Amino acid sequence: MQFVFIQGVLKPNMHSAFVLMNAELGKENHIVDEIKKIANVKEVYPVYGVYDVLMIIESDSMELLRETITSKVRKLDGIKSTLTMIIVKDQ
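Using our numbering, the letters of the sequence shown correspond one by one to residues 4 to 94.
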């Protein structure tokens, strides 16, 4: 397994989020393949631990970010639950 850290990948003027997902057993790879097809998804990985899939998503509006997560990602076959963490860029 290879790990890479790239600083500044997400654009500062965009809304971004990490989304962790619990998947039905055996559907992790199918979910990753389907998420790769969704616009605005920057990265998606199968992971080990409490969650099964990690997605990084970016959008030019908070509404589009919310819509993509709720209407496209959460409705995928095999997703049991999600945890969304909106990235705070300005403080």
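Even glycine gets a Cβ: it sits at the ideal position worked out from N, Cα and C.
Keep in mind that this is a model prediction, so the values were computed, not measured.
- Inside the stretch 47-89, DSSP marks whole beta strand (DSSP E) runs of 3 or more residues at positions 56-62, 82-89, from first to last along the chain.
- Closest in alpha carbon position to I82, among E46, D36, P15, is D36.
- Take N43, set aside five residues on each side of it, and the residues of its chain with a beta-carbon closer than 8 Å to its own are I60, E61, S62, L67, L68, T71, in chain order.
- Between M24 and G52, the alpha-carbon positions lie close to 11 Å from each other.
- Nearest to V22 by C-alpha distance, out of M58, N32, V47, I34, is M58.
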